[in-house]
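Convert by adding 1315 to the 1-based position in the sequence shown; the result is the number in my numbering.
Just so it is clear, CB atoms sit at the ideal spot from N, CA and C, and this is done for glycine as well.
Fair warning: this is a prediction, and the values are worked out from it, not measured in the lab.
Reviewing the structure listed below.
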Amino acid sequence: MTRIAECSCGALRVTAEGEPQAIVACHCFDCQRRTGSVFGVGAYYPIEQLSMSGLSRSFSRPTDAGHQFTTHFCPSCGTSVHWVSGKNPGLVGVAVGAFADPSFPPPVRSVWERSKHHWVDIEAAPQHFDKGRV
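So, in C-alpha cells, the structure goes:
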C-alpha cells in the first residue's frame, strides 16, 4: 500500500510504502505545542519505506530521556509533516493527520497520558503509558 502525507499547501510530501511499524498518540506538552492540538498522532516507518520531496525546515529539541527530536515542517505553510528521534534510530514519524485519510489505522499506544487533557480518551489504543514507553 502506498500512502501520501503532505503539508497544507502541498509543497512538502512524504510517500510511505507498506504499513507503519507503530502508530502512537502522544500527549506530551511538546507534541501539543508542535501540533497546536491537544495531542499528536504519528505513524512510525522504517526510513527505507519512505521518500520525501519538497523543501523543509527543521527544529530540534532535547527530550526528557536525553535524545534529540527533530521536526521537519514546510517553510511556506508551517505544517509539521515528519520527524526523527534519537530514541528510535532508523524510524521516521509521519503526522497521521497529514495523510488526510479517515481510514488510517488507529494508534497502538497512547503515551505521556500524565499530561493528557482530562476530556480526551484514546480508547482505540490497547496500550497506555503515564510517560513514554520504556
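- At least 7 angstroms separates the beta-carbon of P1420 from that of I1362.
- Linking L1327 to R1424 through their CA atoms gives a straight-line distance of about 27 angstroms.
- Of the candidates V1407, G1405 and V1353, V1353 places its Cα closest to the Cα of D1436.
- Inter-residue distance for S1323 and G1381 is about 31 angstroms (C-alpha atoms, whole angstroms).
- A straight-line Cα-Cα distance of about 6 angstroms links S1373 and T1385.
- Annotation for G1447: A1380, V1426 and W1427 place their beta carbon closer than 7 angstroms to its own, counting only its chain and skipping 5 residues before and after.
- In the displayed model, C1346 falls within a helix according to three-state DSSP.
- Annotated as distal: A1358 and P1422, with beta-carbon spacing of 7 angstroms or more.
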